[in-house]
Ligand SMILES: Cc1cc2nc3c(=O)[nH]c(=O)nc-3n(C[C@H](O)[C@H](O)[C@H](O)COP(=O)(O)OP(=O)(O)OC[C@H]3O[C@@H](n4cnc5c(N)ncnc54)[C@H](O)[C@@H]3O)c2cc1C
Ligand SMILES: Cc1cc2nc3c(=O)[nH]c(=O)nc-3n(C[C@H](O)[C@H](O)[C@H](O)COP(=O)(O)OP(=O)(O)OC[C@H]3O[C@@H](n4cnc5c(N)ncnc54)[C@H](O)[C@@H]3O)c2cc1C
Ligand code: SF4
Ligand code: SF4
Ligand code: FES
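Protein chains in written order, with the working numbering: chain A, 1 to 464; chain B, 465 to 747.
(1) For the stretch 208 to 242 of chain A, list every residue whose C-beta sits within 7 Å of some C-beta in chain B, in sequence order.
(2) Thinking just about the alpha-carbon of each residue, which of A:136, A:49, A:17, A:121 is nearest to the one in residue 102 of chain A?
(3) Are the beta-carbon atoms belonging to residue 318 of chain A and residue 295 of chain A less than 8 Å from one another?
(4) Do the stretch 120 to 130 of chain A and the stretch 76 to 85 of chain A meet, that is, are 3 or more Cβ pairs less than 8 Å apart?
(5) Assess, as a yes-or-no matter, whether the stretch 629 to 638 of chain B is touched by the stretch 544 to 552 of chain B under the definition of 3 or more beta carbon pairs within less than 8 Å.
(6) Taking 8 Å as the CB-CB cut-off, is residue 13 of chain A touching chain B?
(7) Answer with yes or no whether the minimum CB distance from residue 200 of chain A to chain B is below 8 Å.
(8) Since residue 593 of chain B and residue 569 of chain B should fall inside the 8 Å C-beta cutoff, what is the C-beta to C-beta distance between them, to a whole number of angstroms?
(9) Under 8 Å: do the stretch 38 to 56 of chain A and the stretch 16 to 27 of chain A share three or more Cβ pairs, one atom per stretch?
(10) Span of the beta strand (DSSP E) holding residue 471 of chain B?
(11) Taking 6 Å as the limit between beta carbons, can you name the residues of its chain near residue 485 of chain B, skipping five residues before and five after?
(12) Kindly list the residues whose CB is nearer than 6 Å to the CB of residue 681 of chain B, restricted to its own chain and excluding five residues on each side of it in sequence; keep chain order.
(13) Apply the 10 Å Cβ neighbour rule to residue 459 of chain A and answer buried if 16 or more other Cβ atoms are within range, or exposed otherwise.
(14) What residue does the alpha helix (DSSP H) around residue 34 of chain A start on, and which one ends it?
(15) Would you say the beta carbon of residue 178 of chain A comes nearer than 7 Å to a heavy atom of ligand 5?
(16) Any heavy atom of ligand 1 within a distance shorter than 7 Å of the CB on residue 172 of chain A?
(17) Beta carbon of residue 327 of chain A: closer than 7 Å to some heavy atom of ligand 5?
(18) Bridge partners for residue 359 of chain A per DSSP, in chain order?
(19) Give the secondary structure of residue 100 of chain A by DSSP, where H, G and I count as helix, E and B as strand, and everything else as coil.
(20) Using CA coordinates, which residue listed in B:558, B:693, B:589, B:509 is at the minimum distance from residue 250 of chain A?
(21) List, in order along the chain, the chain B residues whose C-beta lies closer than 8 Å to that of residue 175 of chain A?
(22) Ligand 4 and residue 105 of chain A: does the residue's C-beta get closer than 7 Å to at least one heavy atom of that ligand?
(23) Find the residues of chain A that neighbour residue 703 of chain B, judging by a C-beta separation of less than 8 Å, and give them in chain order.
(24) Closer than 8 Å between beta carbons: that is the criterion. Which residues of the stretch 323 to 352 of chain A meet it against chain B?
(25) Compute the minimum distance between the beta carbon of residue 701 of chain B and the heavy atoms of ligand 4, and state whether it is under 7 Å.
(26) Residue 704 of chain B: beta carbon under 7 Å from a heavy atom of ligand 5?
(27) Residues of chain B with a CB under 7 Å from the CB of residue 128 of chain A: which are they?
(28) Do three or more CB pairs link the stretch 199 to 214 of chain A to the stretch 391 to 399 of chain A at distances below 8 Å?
(29) With a threshold of 8 Å between beta carbons, is residue 256 of chain A in contact with chain D?
(30) Tell me where the beta strand (DSSP E) around residue 510 of chain B begins and ends.
(31) In three-state terms, what does DSSP make of residue 746 of chain B?
(32) Quick one: measure Cβ to Cβ for residue 346 of chain A and residue 293 of chain A, integer angstroms, because I've assumed they're closer than 8 Å.
(33) With 9 Å as the C-beta to C-beta threshold (strictly closer), list the residues of the stretch 270 to 281 of chain A near chain B in chain order.
(34) According to the neighbour-count rule (16 or more other Cβ atoms, all chains shown, within 10 Å of its Cβ), is residue 747 of chain B buried or exposed?
(35) Go ahead and label residue 3 of chain A buried or exposed: buried means 16 or more other beta carbons lie within 10 angstroms of its beta carbon, across all protein chains shown.
(36) Quick check: is the beta carbon of residue 252 of chain A nearer than 8 Å to any beta carbon in chain B?
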């Protein structure tokens, strides 16, 4: 066997200084040549451990082989066979903990850049005008399925069921489809055109999109089941923002991450006043939290023109749940980090504007339920940070609207819906659920995996 | 797309639209609202249901021109369409037989109070309505409100029509009268609702107000609409818009309504300049 190359091809990126002032995509993507050199490193293991690491079981060696041979339509076909949203996953999957972690070359410190290759193949398809040809539609089964929510879980379940010939309608509360991919993750990490392209692909399979449809208000799950749908899949995500519940949190200038990101991404406030939704642009911004959401909010604030952006996190760098790559990107752009720091209260002026944030210093104690060391307040350590804008990015829980308007669903104390993990089935007959509504905030690909598993058992149920 | 079937200028700067929205109309209840977005670049704004017809599949909204979105809406004609019209959102006004209810509609608030008065009367309440405006030429829907009320009191600030008074004056007299009302519902500018609540408080009469903070999604997802009621943070779009006026932190509401004053001015100026109607911003 030829010697394995351990030279992982780096991703070309926009220069940090330039990109910290624009909303264009940070990662520029491989050229065909770079992609093929990277693809050539794959040793096509018969055991394909990489695929085991992928929640939707993409045939990784398969698409890489086609790419390396220059058979791009085949690469697209193999990829899309398992993944309806490859342009999205190639960009935002935490590959380092999934497929790439399981790549045999990971032990040598140079796993195949599976995500980047996946992105390359998906982008090639878009650039080459869907050269792969129209999808062949299966014979209709006459069975109707309602999908609630158009995030990655709903889109995947819808695509899979439509491919089997079922009549599928997605109901979405917002005015566009895509869920967090549209309202949460910023343009510079996941361009909205890419998301809409992939939504269009799902629609091209025959899936109907009913936007502006808040289920629980316009109709209920029980009515959908009674009226004309044989099965319902709940993919409504975890959209309810958590706050700290400390004094001063309702001051002007204190945003939930959901509001801040929705204004910026969904409503395109970064192009105000051309787009009519405004967002406040602070000079001294603090973002509270340590996940992807906090990184995204901080990097948006910087791009909008903040002088200083601090990420304030109560544990240390090692415990931060955000993707490594995005933390590095944030640091390069000039985001600052205040670890082992937790806010005690917000201070405001006469006009109710936030002017400061009193914080505690923290130390790390014993591991807690999550296995991470629990942050403990250092007594007497209070200090005040100067701020004029704060974004609270503590995480989200499911919006109670569906659970409170649907009879017979079981929910946990966190508001998540209880399902059988293997099938996504809830305790209510005819109702499945998957994605963040079941797990709480997780990942795009785990939501897609859940959508896929549910689609499988929904299909069996519809046959029976 | 949602088509505007009827457009009527009720009084200067206040318009009525009847919009084709069968799914919203089918579920509409008094006290709820819709979120409207005119087009791709537009902002999402909340507007209360003023009326609806489930057979016809239509929803009526009444809005006042105060900023870019409402001016842009005002410039639409019947036959035009609106990109998004999402609802019915929020909780319906709680209705039961209370006894005597006073419904106060100030300015634009006459439109949303009308279906509430109608519903309360259907439940068997005696409904006394008070409608107030700054001046006679800003009055609309007097007959509509009279039709659904047992009594109607009309006031203007300048005395050009009805009684020269603020709505709180006849409200106070009713509270002092022999038959104290069992409930007051007040809808109008925030400042009017605050003073209605201040008027009823000493009399211990429960007062429902419909709060109008800034919103984005209207489904409980962003927290832009948070207010403090009885010391607890609530999201108006899902927990309201109706709240107990005696418990509302009014100063917080006023402050949060002013978050984007600068941006709103800039945006309106830009829109007016684009239409060559650049003037001093009307606010
Ligand atoms: C800022 C941010 C950054 C992130 N970054 C990453 C990342 O880099 N990598 C990664 O893998 N994951 C990331 N995530 C997490 C990931 O986006 C989510 O785990 C994933 O989107 C969950 O998918 P879902 O389909 O379950 O729900 P969502 O994407 O939340 O979609 C749910 C949809 O349902 C709709 N809905 C809700 N209620 C109703 C109703 N009553 N009626 C109709 N429709 C309704 C919502 O409007 C929404 O469109 C990030 C999340 C955020 C917020
Ligand atoms: C539940 C609810 C029901 C409402 N019902 C009606 C109604 O039936 N008729 C009516 O004319 N108005 C109603 N409003 C107020 C209406 O939403 C605002 O007048 C409108 O958003 C102003 O938008 P603009 O772009 O024209 O003005 P802007 O220039 O954006 O703002 C002008 C003023 O409106 C307020 N405002 C701005 N954006 C919002 C927003 N997204 N939500 C709420 N207020 C905002 C601001 O505090 C500002 O003082 C309601 C508000 C709420 C919350
Ligand atoms: S979908 Fe995600 S986990 Fe699966 S192969 Fe692609 S990048 Fe890896
Ligand atoms: S484990 Fe790595 S090297 Fe082996 S087939 Fe998968 S991607 Fe290629
Ligand atoms: S408007 Fe977003 S939570 Fe109420």
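In this text, a Cβ means the ideal position worked out from N, Cα and C, and glycines have one as well.
Reading from the atomic positions:
(1) Within the stretch 208 to 242 of chain A, the residues whose Cβ lies closer than 7 Å to some Cβ of chain B are 212, 214, 217, 218, 239, 240, 241, listed in chain order.
(2) Within the first chain, residue 102 of chain A is the residue found at index 102, counting from 1. Nearest C-alpha to residue 102 of chain A: A:49.
(3) Here the question's residue 318 of chain A lines up with position 318 in the first chain. Here the question's residue 295 of chain A lines up with position 295 in the first chain. Taking 8 Å as the Cβ cut-off, residue 318 of chain A and residue 295 of chain A do not qualify as a contacting pair.
(4) With a cut-off of 8 Å, the stretch 76 to 85 of chain A and the stretch 120 to 130 of chain A count as touching, because enough Cβ pairs lie within range.
(5) No, they do not touch.
(6) In the first chain, counting from the first residue as 1, residue 13 of chain A sits at position 13. Contact with chain B is absent for residue 13 of chain A, since none of that chain's Cβ atoms lies less than 8 Å from the residue's Cβ.
(7) Along the first chain, one-based indexing puts residue 200 of chain A at 200. No - not a single Cβ of chain B is within 8 Å of the one on residue 200 of chain A.
(8) As a working mapping, residue 593 of chain B is identified with position 129 in the second chain. As a working mapping, residue 569 of chain B is identified with position 105 in the second chain. Yes, residue 593 of chain B and residue 569 of chain B are in contact; Cβ-Cβ is about 7 Å, under 8 Å.
(9) Short answer: they don't touch.
(10) In the second chain, residue 471 of chain B corresponds to position 7, counting from 1. Secondary structure note for residue 471 of chain B: its beta strand (DSSP E) is the uninterrupted segment 466 to 475.
(11) The residue labelled residue 485 of chain B in the question sits at position 21 within the second chain. Once the five neighbours on either side are set aside, the close Cβ partners of residue 485 of chain B are 466, 523, 549.
(12) Taking the second chain and counting its residues from 1, one reaches residue 681 of chain B at position 217. Nothing listed; no residue qualifies.
(13) Within the first chain, residue 459 of chain A is the residue found at index 459, counting from 1. By the 10 Å Cβ count, residue 459 of chain A comes out buried.
(14) Here the question's residue 34 of chain A lines up with position 34 in the first chain. Counting along the chain, the alpha helix (DSSP H) containing residue 34 of chain A begins and ends at 32 to 40.
(15) As a first step, residue 178 of chain A is located in the first chain; it is residue number 178 there, counting from the start. No.
(16) Taking the first residue of the first chain as 1, we reach residue 172 of chain A at position 172. Yes.
(17) For the purposes of this step, residue 327 of chain A is taken as the residue at position 327 of the first chain. No - ligand 5 has no heavy atom lying nearer than 7 Å to the Cβ of residue 327 of chain A.
(18) For the purposes of this step, residue 359 of chain A is taken as the residue at position 359 of the first chain. Answer is A:343, A:383, bridged to residue 359 of chain A.
(19) To locate residue 100 of chain A, count along the first chain from 1; it is residue 100. Of the three classes helix, strand and coil, the one that applies to residue 100 of chain A here is helix, per DSSP.
(20) As a working mapping, residue 250 of chain A is identified with position 250 in the first chain. Taking only the C-alpha atoms, the option nearest residue 250 of chain A is B:693.
(21) Start at 1 with the first residue of the first chain, and residue 175 of chain A comes out as number 175. Those within 8 Å of residue 175 of chain A in chain B are 501, 508, 547, 548, 550.
(22) As a position in the first chain, residue 105 of chain A is number 105, starting the count at 1. Of the heavy atoms belonging to ligand 4, at least one sits nearer than 7 Å to the Cβ of residue 105 of chain A.
(23) For the purposes of this step, residue 703 of chain B is taken as the residue at position 239 of the second chain. In chain order: nothing, as chain A lies at least about 11 Å away.
(24) Look at the stretch 323 to 352 of chain A: the residues with a C-beta under 8 Å from a C-beta of chain B are 351, 352.
(25) Position 237 of the second chain holds residue 701 of chain B. Result no, Cβ not under 7 Å from ligand 4.
(26) The sequence position of residue 704 of chain B within the second chain is 240, counting from 1. No, since every heavy atom of ligand 5 falls outside the 7 Å radius drawn around the Cβ of residue 704 of chain B.
(27) Working through the first chain from its first residue, we reach residue 128 of chain A at position 128. Result: empty, since nearest Cβ-Cβ is about 27 Å, beyond 7 Å.
(28) In short, these stretches do not touch, since the Cβ pair count stays below three.
(29) The chain labelled as chain D is not found among the protein chains of the depicted structure, namely A and B.
(30) Numbered from its first residue, the second chain carries residue 510 of chain B at position 46. Boundaries of the beta strand (DSSP E) harbouring residue 510 of chain B: 509 to 517, taken from the DSSP string.
(31) To locate residue 746 of chain B, count along the second chain from 1; it is residue 282. Legend: pLDDT at residue 746 of chain B = 46, less than 50; position of this residue unreliable, value from coordinates given subsequently. Residue 746 of chain B falls in the coil class under three-state DSSP.
(32) Counted from its first residue, the first chain places residue 346 of chain A at position 346. Counted from its first residue, the first chain places residue 293 of chain A at position 293. Rounded, the Cβ-Cβ distance is 19 Å, inconsistent with contact.
(33) If the cut-off is 9 Å between Cβ atoms, the stretch 270 to 281 of chain A has 271, 272, 273, 274, 275, 276, 277, 278, 279, 280 near chain B.
(34) Here residue 747 of chain B refers to the residue found at position 283 when the second chain is read from its first residue. Bear in mind that the predicted position of residue 747 of chain B carries a pLDDT of just 42, short of 50, making it too unreliable to give a figure here.
(35) Within the first chain, numbered from 1, the residue matching residue 3 of chain A stands at position 3. The Cβ neighbour count for residue 3 of chain A, taken over all protein chains shown within 10 Å, is under 16; the residue is labelled exposed.
(36) Taking the first chain and counting its residues from 1, one reaches residue 252 of chain A at position 252. The beta carbon of residue 252 of chain A sits closer than 8 Å to some beta carbon of chain B.
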